[in-house]
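One structure below.
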Amino acid sequence: MVGPGGKGGVIIGKQVSSVIITILFILSGASIVSAHEGEEKKVDASSLLLREAPDEEASVLGAIPGGETVTVREEKYGWANVDYNGTHGWVAGYYLVSTSASETSSASPPSASINVQGDSVRLRGGPGTSYRILGVTNRGDTFQVLEKENGWVKVRRGDGSAAWIAGWLTSAGGSAVSESAGRSASSSASSLQNATIIVDAGHGGYEPGAIGRDGSLEKDLTLSTSQTIASALRYAGADVVMTRTSDRYLSLAARAATGNSHGADAFVSVHYNSSKHENARGISTYYYGSPSLASPIQSRLVERTSYQDDGTRHGDFHVLRENGVPAVLLELGYVSNAYELVQAKTRNHREQVAQAVTEGLRNYFAD
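With the UniProt record's numbering, letter number 11 in the sequence shown gets 11, and the count goes up by one each step, no holes.
As C-alpha cells, this is what we get:
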C-alpha cells in the first residue's frame, strides 16, 4: 500500500491510513517507532500535507513545500509529528529524508568531472528529487562538476546550462562534457529472457505498511510474494534484482534509483491495499507515464487470481515518478478484506501472482 499530499510513495490517497491507525491502536502489543527527538529532515516531495492527527481524514493544517526542513518530534506507523515554522502537526513519514549538518555545500575545482554509472539517470533543477526534471543522461556520459551538496552534484551540461545529478549514480573521472541529456527512458530488451527486472517488496523495517485484520503486516506479505515473483522470473530466464531480501527499511529514493544503477528494463513494486470499508476488494496496477507495461500485467493478474479488476491507473507515486525505467506498482488485494487477506497468505496466491507478472512481462517485451 502506497501515501498523501506530496505524492510519490505510500499511497495514503487510497483510503489506507485510517484503517491502519485504527487497527494499530486496537491491537494489543503494537508498539510505537520512536525517532530521535529534534532530528531535522527534509521534505522529499513537491509538497506535503500537514495534518492535525496521524490519519488521512484528519484536518489539514497546511502544506509544506518540497525541499523545506522540518523538526521531527515523534514517529509512529509511518507518520511523523513535526514542527514547521512554529506549527505542529503530522505528515507522512515516507516523504521525509534525513539531513546532516556535516553535508554542507562545497565548490569543486573547475577541472573536476564525473562519469554517469547508471542508465536513464535524471538531471534536475536542484539537489533533490523534489526539483523538476531537466533531462535524462546515461551510463558513460561525462560532466564537469560545478558544486556538491548533500550527496548531489551540480554539473555543466553540453549546452552550457547547469543541472543536478544524484552523486551515488556517478564516479569520479572523465574529461569530456556530455551532450546527451534529454533522452527518454525506455527498455532495450527484446524479450524477457534478455531483460533485467527490478522486484521491489514494498515497505520493510520500521515501516510495516498496512495492517491486516488478523495483525498481518503488509511488509511481510510483499516480501514473500516478491521472492516468489523473483523465482518465477529467473526460471523464465530474466536477470532479477530485488530491492530488499530481508526485513529492512529502504527509502523511496533508493528504491527508485535501483533500476538506474542496474541498467534495468522494468521495475515492479509489490504492495497490498487496505480500506476502512471491509468489503473493498480487487486488484490494480499503477503506472506514471505510459500504461504499456501495466496493461498486460493487470490483464494476467485478473485472469490468474480471479480477483475483481480494479484496472490500470495513473499513480503519481515516488517509485514510479522518479524511476528512470518502465515501472509499475501492484496492489494485490485488500488486507482489510477477510477473503483476500487469507488468500494473500497462501502459496497458491503467491504463485499465481508470480506467473501473472511473468506472463505480463513476457507479453510486454514481445510487443
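Built from N, CA and C at the ideal position, the CB exists for glycine as well. Every value quoted in this text rests on a predicted model; they were computed, and no experiment measured them.
Quick check: what's the CA-CA separation for T137 versus R122? In this structure, the straight-line span from the alpha carbon of T137 to that of R122 is close to 6 Å.
Under the rule that 16 or more other beta-carbon atoms within 10 Å means buried, what is P296, buried or exposed? Buried.
Using CA atoms only, rank isn't needed, just tell me which of D141, R139 and E40 is closest to N85. Per the Cα distances, E40.
Using a threshold of 8 Å, state whether the C-beta atoms of R132 and V116 are closer than that. Taking 8 Å as the Cβ cut-off, R132 and V116 do not qualify as a contacting pair.
When D247, F267 and V60 are compared against L320, the one with the closest alpha-carbon: Of D247, F267 and V60, the residue nearest in Cα terms is F267.
Which residue comes first and which comes last in the alpha helix (DSSP H) that contains G194? Note that residue 194 corresponds to Asn in the displayed sequence, not to Gly. According to the DSSP assignment, N194 belongs to no alpha helix (DSSP H), since it is labelled neither H nor E.
State yes or no: is the C-beta of R300 within less than 8 Å of the C-beta of G237? Between R300 and G237, the C-beta gap is not smaller than 8 Å, which leaves the two residues out of contact.
By how many angstroms is the C-alpha of N279 removed from the C-alpha of T358? Taking the Cα positions, T358 is about 29 Å away from N279.
Residue of Q144, S336 and H203 minimising C-alpha distance to G212: Distance from the Cα of G212 is smallest, within the candidate group Q144, S336 and H203, for S336.
What residues in its chain sit with their C-beta under 8 Å from that of L169, if we drop five residues either side in the sequence? Take L169, set aside five residues on each side of it, and the residues of its chain with a beta-carbon closer than 8 Å to its own are V116, Q117, G118, V121, A257, N260 and S261, in chain order.
Counting beta carbon pairs with one atom in the stretch 238-250 and one in the stretch 282-295, are three or more of them shorter than 8 Å? Per the Cβ contact rule, the stretch 282-295 is not in contact with the stretch 238-250 (fewer than 3 Cβ pairs under 8 Å).
Limits of the alpha helix (DSSP H) - the one that A254 falls within: Note, A254: alpha helix (DSSP H), L252 to S261.
Kindly indicate which residue of G93, A112, Y95 and R156 has the alpha-carbon position closest to the one of R124. Among G93, A112, Y95 and R156, the Cα nearest to that of R124 is on R156.
Cut-off 7 Å between Cβ atoms - residues of its own chain near E351, not counting five sequence neighbours on either side: Hits under 7 Å: T228.
Residues in its own chain within less than 6 Å of L341 by CB, not counting five upstream and five downstream? Residues of the same chain with a CB within less than 6 Å of the CB of L341, apart from the 5 flanking positions on each side, are G212, R213 and V335 in chain order.
CB contact flag (T222, Y288, <8 Å): It is not a contact, given that the beta carbons lie outside the stated cut-off.
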